[in-house]
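Quick note: the sequence shown uses our numbering, first residue 5, plus one each step. Step one of this worksheet: look at the structure below.
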Amino acid sequence: MLVEQIRTGGDRNFSYLVADETRRVCAVVDPSFAPDLVAEKAATLGFRVEYVLVTHDHFDHTNGNARLKELTGAQVVMHRMSEENCDVRVDNGDVLPLGALSITVIHTPGHTRGHACYLVEDAVFTGDTLFVGKVGGSDFGEGARQEWESLHTKLLSLPDNTRVFPGHDYGVRPFSTIGDERRSNPFLLQPDFPSFLKLKMNWAEYKKLHGIK
């Protein structure tokens, strides 16, 4: 399996190619602001794009969907609770074939109601749910509660060696692992939801105190 991380502009957005190198097929995660660049990358590597995997329905993650579909004929995939148009609606636990690989959908509400992460072998594409050393934005009510549960009951149930590929370059490095985040991410180190919420509400002060950019 090949994973290519692509910087697409916007607010330090990342897109990804995840490919079965033997059968020469790939999926694209969140082409966002650079669908032409992503399509060119796939063509240069000799991959046919089968899916556009969209993590959530915010503009900075969806604005390249139509163009990449036009360029490649790929099917646009989103969680069933997303409000944008797509070709395939999925739910938690659904599996899509990609050559000899399997794409497993993990519903992770919090940042949005219909946020989905995508697990392919030892790689999870976390969109705006989990960053390196941080977590996605949410409200301070039900959204925060859902995000806490998504992180602890779903993403942290993955093996420690699972590679984490986030939707933005917001952390100290562009990718991580579940194990590294479990051990060092200040949000994941909080012992309970009230502590997690308190950190969310005081994140600016925490960053300043600990020298985090």
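Where is the CB? At the ideal position from N, CA and C, for every residue including glycine. Note that this is a predicted model, so its numbers are computed, not measured.
Item                                                                                                          : Value
Cβ distance (whole Å) where Arg11 is taken to contact Phe18 below 8 Å                                         : 6 Å
Within 8 Å, strictly: CB atoms of Ser154 and Gly114                                                           : yes
Cα-Cα separation between Asp64 and Asp91, rounded to whole angstroms                                          : 19 Å
Arg187 - containing alpha helix (DSSP H), residue span                                                        : Ile182 to Ser188
Within the stretch 133-190, ranges of the alpha helix (DSSP H) (whole runs, at least 4 residues)              : 146-157 and 182-188
Cross-strand partners of Tyr210 (DSSP beta bridge)                                                            : Per DSSP, none; premise fails for Tyr210.
Member of Arg167, Lys138, Phe197 and Pro170 whose CA lies at the smallest distance from the CA of Ala208      : Lys138
Proximity of Tyr55 and Ala78 at Cβ, strictly below 8 Å                                                        : yes
Cα-Cα separation, Asp40 to Leu72                                                                              : 7 Å
Selection from Arg187, Leu105 and Leu123 that minimises the alpha carbon distance to Pro170                   : Leu123
Nearest residue (CA-CA) to His62, options Leu193, Ser106, Gly131 and Gln194                                   : Gly131
According to DSSP, residues forming a beta bridge with Arg11                                                  : Phe18
Beta-ladder partner(s) of Val92, from DSSP                                                                    : Val81
Contact under 8 Å by Cβ, Leu102 with Val168                                                                   : no
Contact under 8 Å by Cβ, Leu159 with Leu193                                                                   : no
Nearest residue (CA-CA) to Gly147, options Glu125, His119 and His172                                          : His119
Status (buried if at least 16 other CB within 10 Å, exposed otherwise) for Ala47                              : exposed
Local Cβ density within 10 Å of Asn189, reported as buried at 16 or more and exposed below that               : buried
His60 classed as buried or exposed, judged by whether at least 16 other C-beta atoms fall within 10 angstroms : buried
Cα-Cα separation between Arg52 and Tyr20, rounded to whole angstroms                                          : 14 Å
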